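Enquirer: Just passing along the structure, written as structure tokens.
Put into structure tokens, the structure is as follows:
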């Protein structure tokens, strides 16, 4: 019997279903969510012949293991890692056939943080507001994978000819140093001139306290020029929000849609994929752009 | 309302934060943006997020140009109040009700009368899906957040903080003052829209079980 589903054998530290997110509901308090490294998602989907926004699994640090109930085409991308099928080494960053009942093991990242597992047909969990993404801030979408979680797959309509031949390298290289282009504002006037200089000249490091909501940073605190409370206002992806402790937080996919701490600047969206792969301790530099 | 022109601040590459003079001007400007988007005048804009004194537009192709344009916009009045406010029946028995009444300097019964007499409007959403910030209480009834937030506020709690009333769509930590509870379903992804309280919605709170009088 063909049962188009996979069973989670090993869930890993944090494995969630992600697509390209839930756009258009921020006014209801719904975060965009979606994969933290969207370029990696597009690529693994293309490798298995899926539409680029098909749902994939996003793993964190130590991968996961899956047992498909039917033969499937799989591609593992994002952070490089060893891939095994029933214990035998298999290729990373390209389409791999996994027989029904075999165990696909996505190993721990050798560099970077977040791996992406695409399967032909995509993970067909119930969409919520147009997306299958797990949103850890507001609890929308499926809960994070656990052992024995069964994830349904869609019909595999991918063109077999397209598989394995794509037009982009599978990995742009993990960041040894994160250089984040930041455009100051809208609340840079809430900070002292010295704080603004600090932001773009001093070194920060990726803190281990980060998550899908935000990249937390260790480094010099930013001093406010204005005190008191800012009325809640809308927040965007990449916003560099500064809580009362002065340490900037870069908002990622599951960020709250409104907030009351001032945003000193906004990081270019194109730079956020590398943020998703930056391990704790990675040096971070903000460079101002107009 | 058009005394102070809206001021647009750049937010990254593709967003604008438009600042307005007051809450009423913010609601009118938000309504104007929705009208213009419905008419196809804001192509590419994927999010319009109203807040207390601002409206965020995300997905703006040419923020510089839109920023220059919108300061000259003729902002229409708030949409006419057609139809009734939605009624939310409340059991006014929250753990902070007596404290709120004391802050207001009135009896508990009078506090409930004040809350049920006001007509509220959802100024904006945030904090959690379906959580609306409702304005409508007179300024003097503002209350501070609790000094120590509760780790779990039950779903359906009706609560106050600052000038706002809100209803917790699901159980979550929270620092607002709890004055009551409702069985109304605030958030249901199987419904369109999923949120009962969307920006602009008018709301009246009624005493659960009391004879309907002015709720609709």
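Chains as they are written, first to last, in my numbering: chain A, 845 to 1134; chain B, 350 to 565. From the three backbone atoms N, C-alpha and C, an ideal C-beta is built for every residue, glycine too. All values reported here derive from a predicted model rather than from experimental measurement.
1. Out of 380(B), 483(B), 551(B) and 363(B), which has the shortest C-alpha to C-alpha gap to residue 1113(A)?
2. Does any C-beta atom of chain B lie closer than 8 Å to the C-beta of residue 1066(A)?
3. What is the DSSP secondary structure of residue 375(B), reduced to helix, strand or coil?
4. List, in chain order, every chain A residue whose beta-carbon is nearer than 8 Å to that of residue 359(B).
5. By the criterion of Cβ-Cβ separation under 8 Å, what are the contact partners of residue 871(A) in chain B?
6. Identify the continuous alpha helix (DSSP H) that holds residue 446(B) and give its terminal residues.
7. Express the C-alpha separation of residue 398(B) and residue 1100(A) in angstroms, rounding to a whole number.
8. Exposed or buried, which one is residue 1122(A) when buried takes at least 16 other CB atoms within 10 Å?
9. Near residue 915(A), which residues of its chain fall below 8 Å by C-beta distance, leaving aside the five closest residues on each side in sequence?
10. Please check if any C-beta of chain B sits within less than 8 Å of the C-beta of residue 902(A).
11. Does residue 477(B) come within less than 8 Å of chain A when only Cβ atoms are used?
12. Count the other C-beta atoms from every protein chain shown that fall within 10 angstroms of the C-beta of residue 392(B), then say buried if there are 16 or more, exposed otherwise.
13. What separation, rounded to the nearest whole angstrom, lies between the Cα atoms of residue 874(A) and residue 1096(A)?
14. Any contact between the stretch 901–912 of chain A and the stretch 951–966 of chain A? By contact I mean 3 or more CB pairs, one from each, below 8 Å.
15. Going by DSSP, name the residue or residues bridged to residue 513(B).
16. Whole angstroms is fine: what's the gap from residue 1028(A)'s alpha carbon to residue 1071(A)'s?
17. Quick one, which of 863(A), 867(A) and 895(A) has its alpha-carbon nearest residue 880(A)'s?
18. Would you verify that the beta carbon of residue 1039(A) is, or is not, closer than 8 Å to some beta carbon of chain B?
19. Runs of 4 residues minimum, wholly inside the stretch 847–922 of chain A: which ones carry the alpha helix (DSSP H) assignment?
20. Assign residue 1005(A) to one of three DSSP states: helix, strand, or coil.
21. Taking CB distances under 8 Å as the criterion, tell me whether residue 537(B) reaches chain A.
22. Suppose you measure from the CA of residue 993(A) to the CA of residue 982(A); what does that come to, to the nearest Å?
23. Against chain B, which members of the stretch 1072–1099 of chain A pass a CB distance test of less than 7 Å?
24. Assign residue 367(B) to one of three DSSP states: helix, strand, or coil.
25. Can you check which of these residues, 444(B), 471(B) and 447(B), is closest to residue 380(B) by C-alpha distance?
26. For a test of the three-state rule: what should DSSP assign to residue 1115(A), helix, strand or coil?
27. Quick check: is the beta carbon of residue 1121(A) nearer than 8 Å to any beta carbon in chain B?
28. Taking the beta carbon of residue 359(B) as the centre, do at least 16 other beta carbons fall within 10 Å, making it buried, or is it exposed?
29. Scan the stretch 943–976 of chain A and note each continuous beta strand (DSSP E) run of 3 residues or more that stays entirely inside, going in chain order.
30. Comparing the C-beta of residue 1005(A) with each C-beta of chain B, is any distance below 8 Å?
31. Pull up the distance between the alpha-carbon of residue 984(A) and that of residue 366(B), whole angstroms please.
Expert: Judging by the given coordinates:
1. Counted from its first residue, the first chain places residue 1113(A) at position 269. That would be 363(B), whose Cα lies nearest to the Cα of residue 1113(A).
2. Residue 1066(A) sits at position 222 when you count from the first residue of the first chain. Output row for residue 1066(A): interface = no.
3. For the purposes of this step, residue 375(B) is taken as the residue at position 26 of the second chain. Note: residue 375(B) maps to helix in three-state DSSP.
4. One-based indexing of the second chain puts residue 359(B) at position 10. Per Cβ cutoff of 8 Å: 1027, 1029 and 1030.
5. Translated into the one-based positions of the first chain, residue 871(A) becomes position 27. Under the 8 Å cutoff, chain B gives 396, 397, 398, 399, 473, 474, 547 and 548.
6. Locating residue 446(B) in the second chain gives position 97, counting from the first residue. That run of the alpha helix (DSSP H) goes 446–453.
7. Reading the first chain from its first residue, position 256 is the one you call residue 1100(A). Reading the second chain from its first residue, position 49 is the one you call residue 398(B). Their backbone Cα atoms lie some 12 Å apart in a straight line.
8. For the purposes of this step, residue 1122(A) is identified with residue 278 of the first chain, where counting begins at 1. So residue 1122(A) ends up on the buried side.
9. Locating residue 915(A) in the first chain gives position 71, where the first residue counts as 1. Answer for residue 915(A): 941, 942, 943 and 944, listed in chain order.
10. Position 58 of the first chain, counted from the first residue, corresponds to residue 902(A). Not closer than 8 Å to any Cβ of chain B, the Cβ of residue 902(A) fails to qualify, so no.
11. As a position in the second chain, residue 477(B) is number 128, starting the count at 1. True, the Cβ-Cβ gap to chain A drops below 8 Å.
12. Here the question's residue 392(B) lines up with position 43 in the second chain. Under this definition residue 392(B) is an exposed residue.
13. By one-based count along the first chain, residue 874(A) stands at place 30. By one-based count along the first chain, residue 1096(A) stands at place 252. Answer to the nearest angstrom: the Cα atoms are 14 Å apart.
14. The stretch 901–912 of chain A vs the stretch 951–966 of chain A: in contact.
15. In the second chain, residue 513(B) corresponds to position 164, counting from 1. According to DSSP, which records beta bridges pairwise, residue 513(B) is partnered with 510(B).
16. Along the first chain, read from residue 1 onward, the residue named residue 1028(A) stands at position 184. Along the first chain, read from residue 1 onward, the residue named residue 1071(A) stands at position 227. Using only the alpha carbons, I get a separation of about 19 Å.
17. Indexing the first chain from 1 puts residue 880(A) at position 36. Checking every option, the nearest Cα to that of residue 880(A) belongs to 863(A).
18. Position 195 of the first chain holds residue 1039(A). No, residue 1039(A) does not count as interfacial toward chain B.
19. The stretch 847–922 of chain A contains, as complete alpha helix (DSSP H) runs of 4+ residues, the segments 882–891 (chain order).
20. Working through the first chain from its first residue, we reach residue 1005(A) at position 161. Residue confidence for residue 1005(A) is low, a pLDDT of 47 falling below 50, so the modelled location carries little weight; the figure read from the coordinates is stated next. Residue state, collapsed to three classes: helix.
21. Residue numbering aside, residue 537(B) sits at position 188 when the second chain is read from its first letter. No - not a single Cβ of chain A is within 8 Å of the one on residue 537(B).
22. Reading the first chain from its first residue, position 149 is the one you call residue 993(A). Reading the first chain from its first residue, position 138 is the one you call residue 982(A). In a straight line, the C-alpha of residue 993(A) is about 21 Å away from that of residue 982(A).
23. Here the close residues are 1075, 1076, 1077, 1078, 1080 and 1082.
24. Residue 367(B) sits at position 18 when you count from the first residue of the second chain. Note: residue 367(B) maps to strand in three-state DSSP.
25. Within the second chain, the letter at position 31 stands for residue 380(B). It is 471(B).
26. In the first chain, residue 1115(A) corresponds to position 271, counting from 1. Reduced to three states, the DSSP call for residue 1115(A) is helix.
27. Along the first chain, one-based indexing puts residue 1121(A) at 277. False, the Cβ-Cβ gap to chain B never drops below 8 Å.
28. As a working mapping, residue 359(B) is identified with position 10 in the second chain. Result: buried.
29. 948–950 and 958–963
30. Translated into positions along the first chain, residue 1005(A) becomes position 161. With a pLDDT of only 47 at residue 1005(A), under 50, the local geometry of the prediction cannot be trusted, and no value is derived from it.
31. Here residue 984(A) corresponds to residue number 140 of the first chain, with the count starting at 1. Here residue 366(B) corresponds to residue number 17 of the second chain, with the count starting at 1. Spanning the two alpha carbons is a distance of roughly 27 Å.
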